[in-house]
Amino acid sequence: MASYHRVLEVFDRSVRARSLECDCDIDPWDILIDDERWTGKIRLVGFVDVFFLICYSGKERFEKGLIIYKDNHSVRSTLERAGKNTTEYVINKEALEDENIQKSYFSFEDEKGGLNYQILGVGHPVGLNTNYDPESLKQYKIKIRRSSDFVSRKPIERGLKQHTLGDLMVDVVRLGFITQAELISKVITMAVAGTATDDLARKYLQVLSGGQPGTPSLSRDRM
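Heads up: the sequence shown begins at 612 in my numbering, then just goes up one per residue.
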């Protein structure tokens, strides 16, 4: 089998990318994927909008892996292109009854008083293929034991979490381009709400309207 770096390249991703948030090993005893435990070494490679869980052997020999989409807009678009019923994947069910609540297809929970992170997200298996069967899309439940080392814990959390509005604004500056369509909708929501952050919101709307139109290709483009 090839190196897992070649698998990342299929999705136009690299551990040298500026959008990388986390590139670290997870002990196989510290993670469950749909209540199953993978055997072998496990690597978490997290980016701004997605993260990969990769099982490998030797130094970098790819065995199997998953991609999980964190960005709500990307998930919805991917599901629509795959001909899926998007409502079945909405996690915050109250959003189905209230149009003012944004539908979320991803959740990250840090168990209070517990030892684990719990993630619900839509994704599919990955490999060296450039096309994937739409039927391979599904919702995964992932549980990861929280590291006791604060220094190593922070990049893991950033690799797993959705980015907040503040995070996304920092990403615009750090990455040099808009990487998530959610930023636009969140900023508009701030402006309409009439909060104390109106001025900041308007400034960012101006940046977005006159910013670079190009965005990096999302992994959903491979479906």
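Ideal Cβ placement from N, Cα and C applies to all residues, glycine included.
Please read these numbers as outputs of a predicted model, since none were measured by experiment.
Cα-Cα separation, residue i to residue j
i           : j           : result
residue 641 : residue 664 : 13 Å
residue 697 : residue 616 : 31 Å
residue 647 : residue 710 : 36 Å
residue 676 : residue 653 : 9 Å
residue 573 : residue 621 : What is shown of the chain runs 612 to 834, which leaves residue 573 out entirely.
residue 728 : residue 754 : 6 Å
residue 623 : residue 707 : 34 Å
residue 714 : residue 746 : 22 Å
residue 700 : residue 644 : 17 Å
residue 625 : residue 673 : 15 Å
residue 639 : residue 763 : 16 Å
residue 758 : residue 685 : 29 Å
residue 738 : residue 655 : 15 Å
residue 742 : residue 689 : 13 Å
residue 670 : residue 767 : 21 Å
residue 730 : residue 666 : 18 Å
Exposed unless 16 or more other CB atoms sit within 10 angstroms - verdict on residue i
i           : result
residue 683 : buried
residue 632 : buried
residue 805 : Caution applies to residue 805, whose pLDDT of 45 falls short of 50 and renders its modelled position unreliable; the model cannot decide the point.
residue 687 : buried
residue 681 : buried
residue 717 : buried
Under the three-state DSSP convention, the category residue i falls into
i           : result
residue 652 : strand
residue 664 : strand
residue 712 : coil
residue 774 : coil
residue 632 : strand
residue 756 : strand
residue 720 : strand
residue 617 : helix
Inset, instruction - Examine the Cβ distances between the region 613-631 and the region 750-762 and report whether three or more of them are shorter than 8 Å. - result: Counting Cβ pairs under 8 Å, fewer than three are found: no touch.
Inset, instruction - Counting only runs of 4+ residues fully inside the region 674-710, write out the alpha helix (DSSP H) ranges in chain order. - result: Runs of alpha helix (DSSP H) with 4 or more residues, each lying fully within the region 674-710, are found at 683-692, listed in chain order.
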